[in-house]
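Mapping of the sequence shown onto the numbering used here: residues 116 to 514, in sequence order.
Glycine residues also receive a C-beta, built at the ideal position from the N, C-alpha and C atoms.
The model shown is predicted, which means the values in this text are computed figures rather than measured ones.
The next block holds one structure in the form of structure tokens; read it before the comments.
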Amino acid sequence: MPKALLLENLHPQARSILESAGYDVTTRTGALDEHELVEALEGVQLLGIRSKTHVTSAVLEQAPDLVAIGAYCIGTNQIDLAAAAARGVATFNAPFSNTRSVVEIAISEIIALTRRLTEFDKAMHDGVWNKSATGAHEVRGRTLGIIGYGNIGTQLSVLAENLGMSVVFYDTAEKLALGNARRMDTLDELLEAADIVTLHVDGRSGNAGLFGAKQFARMRPGAVFLNLSRGFVVDYSALRDAVVSGHVSGAAVDVFPVEPKRKGDPFDSELRGLPNVILTPHTGGSTEEAQEAIGQFVSNKVRDYLSTGSTTLSVNVPNLALDQQPGVHRLAYLHRNVPGVLAAVNATLAEHGVNIEGQLLATRGDLGYVVTDAGSAVDQAVVDALSSRPETVRLRLLS
Numbered sequence: 116m117p118k119a120l121l122l123e124n125l126h127p128q129a130r131s132i133l134e135s136a137g138y139d140v141t142t143r144t145g146a147l148d149e150h151e152l153v154e155a156l157e158g159v160q161l162l163g164i165r166s167k168t169h170v171t172s173a174v175l176e177q178a179p180d181l182v183a184i185g186a187y188c189i190g191t192n193q194i195d196l197a198a199a200a201a202r203g204v205a206t207f208n209a210p211f212s213n214t215r216s217v218v219e220i221a222i223s224e225i226i227a228l229t230r231r232l233t234e235f236d237k238a239m240h241d242g243v244w245n246k247s248a249t250g251a252h253e254v255r256g257r258t259l260g261i262i263g264y265g266n267i268g269t270q271l272s273v274l275a276e277n278l279g280m281s282v283v284f285y286d287t288a289e290k291l292a293l294g295n296a297r298r299m300d301t302l303d304e305l306l307e308a309a310d311i312v313t314l315h316v317d318g319r320s321g322n323a324g325l326f327g328a329k330q331f332a333r334m335r336p337g338a339v340f341l342n343l344s345r346g347f348v349v350d351y352s353a354l355r356d357a358v359v360s361g362h363v364s365g366a367a368v369d370v371f372p373v374e375p376k377r378k379g380d381p382f383d384s385e386l387r388g389l390p391n392v393i394l395t396p397h398t399g400g401s402t403e404e405a406q407e408a409i410g411q412f413v414s415n416k417v418r419d420y421l422s423t424g425s426t427t428l429s430v431n432v433p434n435l436a437l438d439q440q441p442g443v444h445r446l447a448y449l450h451r452n453v454p455g456v457l458a459a460v461n462a463t464l465a466e467h468g469v470n471i472e473g474q475l476l477a478t479r480g481d482l483g484y485v486v487t488d489a490g491s492a493v494d495q496a497v498v499d500a501l502s503s504r505p506e507t508v509r510l511r512l513l514s
């Protein structure tokens with residue numbers, strides 16, 4: 116029975132799907148450090164994590180049984196993807212499952228900040244009646260600037276327009292504008308045009324330090340700022356200065372450069388104590404609906420990979436969409452992407468009298484992936500011959 120280790124309090128659906136597929140599943144509520152993770156991965160084929168557990172090259176070197184990693188979140192920067200690929204460990208994430216939840220919290224924070232709800236709430240709790248329209252605005256007619264026009268940015272664009280907002284966006288990649296949204300040629304153009312600026316960029320290293328004092332100075336006086344993307348993208352000391360000076364009228368932040376590993380751990384930030392700043396503990400995608408959808412999506416992906424070899428939407432190995440084919444014996448072969456591998460595979464099968472019923476090949480950078488359906492059983496001699504080839508990364512006999 117294959118073993119799965121699920122960490123960080125994943126939705127029960129994740130465990131249910133894997134147990135139904137015949138896995139021996141162990142769950143833990145918290146994250147593990149490197150030493151703990153190495154110990155826990157002994158004999159484990161499948162690892163499921165969220166954002167707090169770091170799967171380093173050192174961990175992967177000491178986890179020879181590990182075949183797949185499921186990142187039950189959007190980001191994968193907590194995993195050394197290159198090291199995982201080099202060891203034939205396919206990695207899957209959930210690029211779409213919590214999109215709606217992140218968009219809804221962005222909309223709610225935009226309204227809360229433009230209506231000064233946090234300030235009014237604090238005053239009321241302090242026993243002060245401070246009814247005023249000064250500085251409170253409708254979102255209708257305001258311009259929303261979206262930086263990062265991916266899955267979240269595009270859906271936010273649509274909902275914001277439905278609230279009567281104008282939308283401009285900036286992305287380094289060519290993206291189709293939805294509705295009446297307008298693409299800005301430069302980041303500075305967007306900052307000068309927007310009443311509200313919201314970040315939805317990915318975790319690539321090139322986005323580190325994207326937003327600092329220079330960018331805040333470019334924003335319109337009194338504009339609102341949101342970061343629901345990555346903590347390392349923004350200089351929060353510069354944001355504090357912009358908020359305290361009044362140049363930025365309010366901000367909402369859900370992600371931080373360093374985040375506590377466990378619920379209940381202490382937290383500190385230069386943004387604490389500012390009445391017009393909303394701070395949330397990386398809960399943009401944390402709704403019951405999103406977590407259930409993520410649990411289902413990622414568990415189905417890793418289950419299908421281990422049973423059929425399908426790598427659709429894997430973030431680090433070549434993508435092949437595969438179904439289970441009855442009556443065939445499948446070899447899934449991850450290898451170095453060099454000339455002659457496919458010919459060598461087929462020659463080895465022919466030498467052992469194995470007839471090929473179907474075959475698919477895909478490549479991704481330095482890695483190749485060939486899946487072969489054979490009409491007869493593949494014996495150990497074939498497995499040994501292919502496993503011993505210098506190009507071999509990982510060979511699995513699936514049926």
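Using DSSP with H/G/I as helix, E/B as strand and the rest coil, what is residue i?
i           : result
residue 180 : coil
residue 502 : helix
residue 233 : helix
residue 249 : coil
residue 303 : helix
residue 163 : strand
residue 324 : coil
residue 340 : strand
residue 463 : helix
residue 493 : coil
residue 170 : strand
residue 254 : coil
residue 243 : coil
residue 371 : coil
residue 146 : coil
residue 227 : helix
residue 382 : coil
For the alpha helix (DSSP H) that residue i lies in, which residues bound it at each end?
i           : result
residue 268 : 266-277
residue 472 : Per DSSP, residue 472 belongs to no alpha helix (DSSP H); it is in the beta strand (DSSP E), 471-479.
residue 351 : 351-360
residue 331 : 328-333
residue 293 : From DSSP, residue 293 is part of no alpha helix (DSSP H); its letter is neither H nor E.
residue 153 : 149-155
residue 129 : 127-135
Residue i: buried (16+ other C-beta within 10 angstroms of its C-beta) or exposed?
i           : result
residue 387 : exposed
residue 453 : exposed
residue 179 : exposed
residue 224 : buried
residue 352 : exposed
residue 361 : exposed
residue 414 : buried
residue 416 : buried
residue 470 : exposed
residue 491 : exposed
residue 270 : buried
residue 236 : exposed
residue 382 : exposed
residue 330 : buried
residue 123 : buried
residue 245 : exposed
residue 146 : buried
What residue range is occupied by the uninterrupted beta strand (DSSP E) comprising residue i?
i           : result
residue 118 : 118-121
residue 509 : 507-512
residue 281 : 281-285
residue 485 : 482-489
residue 368 : 363-368
residue 313 : 311-314
residue 260 : 258-262
residue 140 : 139-142
Which same chain residues end up closer than 6 Å to residue i when comparing Cβ atoms and leaving out the 5 residues on each side of it in sequence?
i           : result
residue 177 : 153
residue 214 : 266, 267 and 270
residue 411 : 128
residue 327 : 350 and 353
residue 297 : 283
Quick one: residues in its chain with C-beta nearer than 7 Å to the C-beta of residue i, no 5 flanking neighbours on either side, listed in chain order?
i           : result
residue 407 : 126 and 128
residue 438 : 423
residue 234 : 390 and 391
residue 481 : 451 and 452
residue 395 : 369
residue 132 : 411, 414, 415 and 418
residue 194 : 170, 184, 186 and 206
residue 192 : 318
residue 447 : 424, 486, 511 and 513
Sorry if obvious, but does the Cβ on residue i come closer than 7 Å to a heavy atom of the ligand ZN?
i           : result
residue 309 : This structure simply doesn't include the ligand ZN, nor any ligand for that matter.
Considering only residues of the same chain and omitting the five flanking positions on each side of residue i, which have a CB-CB separation below 8 Å?
i           : result
residue 443 : 472, 473, 488, 489, 490 and 514
residue 294 : 272, 273, 276 and 282
Quiz item: Taking the runs of the alpha helix (DSSP H) that are 4 residues or longer, which of them lie wholly in the region 385-457?
Solution: Counting only runs of 4 or more residues that sit fully inside the region 385-457, the alpha helix (DSSP H) segments are 403-423, in chain order.
Quiz item: For the region 173-218, which segments carrying the alpha helix (DSSP H) assignment without a break, of at least 4 residues, lie completely within its bounds, in sequence order?
Solution: 196-201
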